[in-house]
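Colleague: Here it is: the structure, laid out below.
Residue numbers (UniProt numbering): 1 to 250.
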């Protein structure tokens, strides 16, 4: 029996789907007892966390603490696990990962919804971490596309019927910005000094100095790119464009 929590995140403000999937990937809610060890093992490359406000994690317990206090404690966020369906189960080492005992598939990354509101019918796709073996593959576009479909699809089609889905990225994280733009997100604004970073995350700094007397000296600032997509664009051609991106082989 796992020492980690078997609790499913039921605190989210919207109904969490049991699974989102197509013929390439499968996405399920993160449950520590089922996923934490394989996620921790697959996420040991510190570069995965360079532009994110969390991670890297020193242990499985550290990762579980993040989930409990940052994700599960908030009704605006939910963390999901991405599994790849295209990797041969006979050769998981080809993907630099192991087969999940829970799904029989190779874990490929993390993704989630954050800053969500059932009242204002909006959410943000975030917590995006694609593990090294699956970067520059079908995984990121398909994961983002599945989350967009679920967010915009009307309840009668099993979705949430949201009006707005946004995306935020460190301004210098060009890979994240390009992914969002490829999926149809439109640039709305540059948010200057949007975050205070810990000293060890200085790689994501906006490069500008703090003022004298700053209450968090030595902690650099981050500028964020804000992008978004909207329900009316989704229903007027964007859905088809997203599906085309998801279907690409490369």
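Yeah, the Cβ is synthetic: ideal placement off N, Cα and C, and Gly gets one too.
Computed from a predicted structure; not experimentally measured.
In chain order, what residues of the same chain have a beta carbon less than 6 Å from the beta carbon of residue 45, not counting five sequence neighbours either side?
Modeller: Here the set comprises 132.
Colleague: Do you know how far the Cα of residue 207 is from the Cα of residue 19?
Modeller: 41 Å
Colleague: By DSSP's criteria, residue 153 is part of a beta bridge. Which residues make up the other side?
Modeller: Answer is none; residue 153 lacks a bridge partner.
Colleague: Give me whichever residues DSSP pairs with residue 165 in a beta bridge.
Modeller: 123, 229
Colleague: Of all the alpha helix (DSSP H) runs that stay within the bounds of the region 52-91, which reach a length of 4 or more residues?
Modeller: For the region 52-91, whole alpha helix (DSSP H) runs of length 4 or above, ordered along the chain, are 60-66.
Colleague: Residue 29 bridges to which residues according to DSSP?
Modeller: 80
Colleague: Using 10 angstroms around the beta-carbon of residue 36, count the other beta-carbons present and answer buried if the total reaches 16, otherwise exposed.
Modeller: With 16 or more other Cβ atoms inside 10 Å of its own Cβ, residue 36 counts as buried.
Colleague: Measuring CA to CA, which of 172, 129, 179, 134 is closest to residue 145?
Modeller: 179
Colleague: Under the three-state reduction of DSSP, which class applies to residue 184: helix, strand or coil?
Modeller: coil
Colleague: Along the beta strand (DSSP E) that carries residue 108, what are the first and last residues, could you check?
Modeller: 106-117
Colleague: Between the C-alpha atoms of residue 114 and residue 14, what's the straight-line distance to the nearest angstrom?
Modeller: 11 Å
Colleague: For residue 142, which residues of its own chain have a beta-carbon under 8 Å away from its beta-carbon, when the five flanking residues on both sides are left out?
Modeller: 22, 24, 25, 246
Colleague: Pick helix, strand or coil for residue 129, following the three-state DSSP scheme.
Modeller: strand
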